[in-house]
Amino acid sequence: MFEHDRFAARGEMAARKLIVFKHDSALGSQPAHKLFDAVKVERVNGESGTPASGFGDYKISVVSDGLNGVSVEELL
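If you're matching positions, the sequence shown starts at 2 in this note's numbering and goes up one per residue.
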(Lines of atoms letter the chains of each structure in order from A; the text may use other names.)
(Lines give C-alpha, C1' and ligand atoms only; values in the text may rest on other atoms or scores of the structure.)
Protein backbone atom coordinates (compact mmCIF):
# COMPACT_ATOMS: atom_id res chain seq x y z
CA MET A 2 0.00 0.00 0.00
CA PHE A 3 2.76 2.45 0.85
CA GLU A 4 5.60 0.99 -1.18
CA HIS A 5 5.82 3.99 -3.54
CA ASP A 6 5.23 6.57 -0.82
CA ARG A 7 8.35 8.57 0.03
CA PHE A 8 7.23 8.67 3.67
CA ALA A 9 6.73 4.90 3.99
CA ALA A 10 9.91 4.46 6.02
CA ARG A 11 8.90 6.91 8.75
CA GLY A 12 8.18 4.14 11.19
CA GLU A 13 5.25 6.00 12.74
CA MET A 14 2.59 3.52 11.73
CA ALA A 15 1.93 0.38 13.72
CA ALA A 16 -0.66 -2.39 13.47
CA ARG A 17 -3.13 -2.13 16.33
CA LYS A 18 -5.64 -4.87 15.56
CA LEU A 19 -5.72 -7.82 13.20
CA ILE A 20 -8.96 -9.64 12.53
CA VAL A 21 -8.65 -13.06 10.89
CA PHE A 22 -11.65 -14.79 9.33
CA LYS A 23 -11.26 -18.57 8.87
CA HIS A 24 -13.72 -20.36 6.61
CA ASP A 25 -14.81 -23.99 6.99
CA SER A 26 -14.78 -24.32 3.20
CA ALA A 27 -11.74 -23.82 0.96
CA LEU A 28 -13.94 -21.78 -1.38
CA GLY A 29 -15.23 -19.59 1.43
CA SER A 30 -18.35 -19.86 3.55
CA GLN A 31 -19.39 -16.19 3.43
CA PRO A 32 -18.87 -13.40 0.88
CA ALA A 33 -16.25 -10.75 1.65
CA HIS A 34 -18.78 -7.90 1.99
CA LYS A 35 -20.50 -9.69 4.89
CA LEU A 36 -17.16 -10.10 6.66
CA PHE A 37 -16.26 -6.43 6.17
CA ASP A 38 -19.71 -5.37 7.42
CA ALA A 39 -19.19 -7.47 10.57
CA VAL A 40 -16.31 -5.20 11.67
CA LYS A 41 -17.66 -2.21 13.60
CA VAL A 42 -15.62 0.89 14.49
CA GLU A 43 -17.17 3.34 16.95
CA ARG A 44 -15.87 6.61 18.35
CA VAL A 45 -15.87 6.39 22.16
CA ASN A 46 -13.77 9.37 23.30
CA GLY A 47 -14.01 12.98 22.21
CA GLU A 48 -16.79 15.13 20.89
CA SER A 49 -18.48 14.45 17.60
CA GLY A 50 -16.91 16.41 14.77
CA THR A 51 -13.53 16.79 16.46
CA PRO A 52 -10.46 14.95 15.20
CA ALA A 53 -9.41 11.79 17.02
CA SER A 54 -6.13 12.05 18.88
CA GLY A 55 -5.31 8.37 19.21
CA PHE A 56 -6.29 4.75 18.74
CA GLY A 57 -7.93 4.74 22.16
CA ASP A 58 -10.60 7.10 20.84
CA TYR A 59 -12.15 4.17 18.97
CA LYS A 60 -13.75 0.85 19.90
CA ILE A 61 -13.35 -1.93 17.34
CA SER A 62 -15.60 -4.97 17.56
CA VAL A 63 -16.69 -7.87 15.38
CA VAL A 64 -20.32 -8.97 15.25
CA SER A 65 -20.03 -12.64 14.31
CA ASP A 66 -23.76 -13.46 14.48
CA GLY A 67 -24.92 -14.82 11.14
CA LEU A 68 -21.44 -15.71 9.89
CA ASN A 69 -22.13 -19.43 9.59
CA GLY A 70 -19.08 -21.49 8.67
CA VAL A 71 -16.66 -18.72 9.64
CA SER A 72 -14.60 -18.40 12.81
CA VAL A 73 -13.21 -15.04 13.89
CA GLU A 74 -9.83 -14.51 15.56
CA GLU A 75 -8.76 -11.13 16.92
CA LEU A 76 -5.00 -10.71 17.13
CA LEU A 77 -2.78 -7.89 18.44
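Glycine included, each C-beta is placed from N, C-alpha and C at the ideal position.
Bear in mind the structure is a predicted one, so any value in this text is a computation, not a measurement.
Practice task
Assign Leu77 to one of three DSSP states: helix, strand, or coil.
Solution key: In the sequence shown, the residue the question calls residue 77 occupies position 76. Of the three classes helix, strand and coil, the one that applies to Leu77 here is coil, per DSSP.
Handout entry: Whether His24 touches Gly57 by CB criterion (8 Å)
Key = As a position in the sequence shown, residue 24 is number 23, starting the count at 1. As a position in the sequence shown, residue 57 is number 56, starting the count at 1. For His24 and Gly57, no; Cβs fall outside 8 Å.
Practice task
Let me know the secondary structure DSSP gives Lys35 once reduced to three states.
Solution key: Looking up residue 35 in the sequence shown gives position 34. Correct three-state label for Lys35: helix.
Practice task
Given a cut-off of 8 Å, decide if Lys41 and Leu68 are closer than it, judged by their beta-carbon atoms.
Solution key: Residue numbering aside, residue 68 sits at position 67 when the sequence shown is read from its first letter. Residue numbering aside, residue 41 sits at position 40 when the sequence shown is read from its first letter. Cβ distance not < 8 Å, so Leu68 and Lys41 don't count as in contact.
Problem - Opening and closing residue of the beta strand (DSSP E) in which Leu19 lies - result: The count along the sequence shown starts at 1 and reaches residue 19 at position 18. It spans Leu19 to His24 - the beta strand (DSSP E) in which Leu19 sits, taken as one unbroken run.
Practice task
Mark Ala1 as exposed unless 16 or more other C-beta atoms lie within 10 angstroms of its C-beta, in which case mark it buried.
Solution key: In the structure as shown, the chain starts at 2 and stops at 77, and residue 1 therefore has no counterpart that could be examined.
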